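Reviewing the structure listed below.
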Amino acid sequence: ENMFRIKENDRPLKETAEKFMDTVCSEKGPNSATYRAYRVIMGSWLSWCDRKQIRTLRAFSREMAVGYANEVSSGYSPKTARERIRLLGQFSEWASETFDMEDWKPMKTVRPPKLVKREKAFWTPTQIDAILNNAPNPEFRLFWALMAFAGLRHAEACTFGPSSIVDGRIRVVGKGNKEAFLPIGERLQKEIDSVEIRDGMFRPSRFSGSNRCIDILREAVEKAGLDSSDANNHKFRHSFASNLLRAKVTVPSTA
108 ENMFRIKEND
118 RPLKETAEKF
128 MDTVCSEKGP
138 NSATYRAYRV
148 IMGSWLSWCD
158 RKQIRTLRAF
168 SREMAVGYAN
178 EVSSGYSPKT
188 ARERIRLLGQ
198 FSEWASETFD
208 MEDWKPMKTV
218 RPPKLVKREK
228 AFWTPTQIDA
238 ILNNAPNPEF
248 RLFWALMAFA
258 GLRHAEACTF
268 GPSSIVDGRI
278 RVVGKGNKEA
288 FLPIGERLQK
298 EIDSVEIRDG
308 MFRPSRFSGS
318 NRCIDILREA
328 VEKAGLDSSD
338 ANNHKFRHSF
348 ASNLLRAKVT
358 VPSTA
């Protein structure tokens, strides 16, 4: 980094990026999903700049910004590309204001790719039953059932244990540390009764924190005779909401 001279009113690229991430960390927290995602995106961009021998902010010109956006758009899905381009735009605005570089806004006219809206697929109750019947063991079956029949997020399902059941309902602490109590339907109650519930039975490293858990789900989906290309834990939660709407069910208050 000391092998090059920084011109007046310019900044070292990596140092500035780290300061930006320090700001994000202080606002969102070091363990937040937002901070972790931002670190991955910024790290990828810094690697791209390193390959292009870009060492300072001003070396990342508008032409470079357009080139980066084009590569991202061609190498990632539209949704992922938009996230990466928008974050870089946020970073450049922050750096411009923080370090009095109002004439440096390389991302100002760079637009992310448009998203093509499409109806999200979901699993019907019959398809969910088929997937559960192909679960590798009772623990995975219950883990999937919690998301499919109560609408839990996979992170919420990971915390499920004996203390989660309060007065016949499931107590969950969701986003923003908000507490909710979800009703247990007859279908889910059968799944809960069939397994010995233990605290810590759904370790995140096994049930949601690795590619292997998705491979296990996709194997069950394929054995059920279904397309597994978009199979993931969140699809159970989406299916829960979609099936409620199709059944025109009114959900009791969780307050």
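Counting in the working numbering, the sequence shown runs without a single skipped number right up to 362 at its last residue. No residue lacks a Cβ here, since even glycine has one placed at the ideal position from N, Cα and C. These numbers come from a predicted model, not from an experiment.
- Excluding residues up to 5 positions away in sequence, Arg248, Trp251, Ala327 lie with their Cβ nearer than 7 Å to the Cβ of alanine 242 in the same chain.
- Between leucine 120 and isoleucine 161, the C-beta gap is smaller than 8 Å, which places the two residues in contact.
- The residues Pro213, in chain order, have a CB closer than 6 Å to that of arginine 169 in the same chain once the five nearest residues on each side in sequence are set aside.
- Around alanine 176, the same chain offers Ile192, Val217 as residues with beta carbons nearer than 6 Å, after the five sequence neighbours per side are excluded.
- Separation of glycine 307 and glutamate 246 (C-alpha to C-alpha, rounded to the nearest whole angstrom) is 11 Å.
- By the Cβ neighbour-count rule, histidine 261 is buried, with 16 or more other Cβ atoms within 10 Å of its own.
- Counting only unbroken stretches of 3 or more residues, the beta strand (DSSP E) elements lying wholly within the segment 235-320 are 276-280, 286-290, in sequence order.
- In this structure threonine 123 is buried. Its beta-carbon is surrounded by 16 or more other beta-carbon atoms within 10 angstroms.
- Here proline 232 carries a helix assignment [DSSP, helix/strand/coil].
- Cβ-Cβ separation between leucine 324 and asparagine 350: approximately 18 Å, too far for a contact (criterion under 8 Å).
- Per DSSP, the unbroken alpha helix (DSSP H) holding serine 151 starts and ends at 140-158.
- With a contact defined as Cβ atoms closer than 8 Å, leucine 289 and glycine 258 qualify at about 7 Å.
- Annotation for tryptophan 201: the continuous alpha helix (DSSP H) segment containing it runs 185-205.
- Taking the C-beta atoms as reference points, lysine 186 is found no nearer than 8 Å to methionine 171.
- Burial check for leucine 352: the Cβ neighbour count within 10 Å stays below 16, so the residue is exposed.
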